[in-house]
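Peer 1:
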Amino acid sequence: KNLVLAEDAKKHEDVVQKLTDEIDRVKGQLTEAQRQIDNYRREADIKDATIAALKTQIGDLEKENDDIRAELSKTKAQLAAVEEERRKLQMDLNTKNEEIHRLTGEIDITVRRNEE
6 KNLVLAEDAK KHEDVVQKLT DEIDRVKGQL TEAQRQIDNY RREADIKDAT IAALKTQIGD
66 LEKENDDIRA ELSKTKAQLA AVEEERRKLQ MDLNTKNEEI HRLTGEIDIT VRRNEE
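Below, the structure is given as structure tokens:
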């Protein structure tokens, strides 16, 4: 009977040791999983900060783009006004050149008549 009890005790001790080993192994896995979770959280925080910075940068670039488009539109309007003024002045200059040419011709005719 003592031999049976001793064998049962040994079996029980083996089971307890296996369970203890299993607990230690699972605790190791738990520690590793927690370490990975902490790393993922840190990485996620870094990614969130990067995303926020990029969104801010995009907003700044969109505003700059809008400002540049507005300036371009204003400059195009100024260019159109200047080109219109240049066109009018060119027409005026052409008219004056034609008038000078006509008057010069009249002077030449008058001088020739006076010489006759």
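Quick note: the sequence shown uses this note's numbering, first residue 6, plus one each step. In this text, a Cβ means the ideal position worked out from N, Cα and C, and glycines have one as well.
Quick one: Cα of ARG92 to Cα of VAL116, how far?
Peer 2: Working through the sequence shown from its first residue, we reach residue 92 at position 87. Working through the sequence shown from its first residue, we reach residue 116 at position 111. About 36 Å.
Peer 1: Where do the ends of the alpha helix (DSSP H) carrying GLU121 lie?
Peer 2: The residue labelled residue 121 in the question sits at position 116 within the sequence shown. Run containing GLU121: none; DSSP gives neither H nor E here.
Peer 1: Using a Cβ-Cβ cut-off of 6 Å (strictly less than) and excluding sequence neighbours within five positions of ASP13, which residues of its own chain qualify?
Peer 2: Position 8 of the sequence shown, counting from 1, holds the residue named residue 13. No residues qualify anywhere along the chain.
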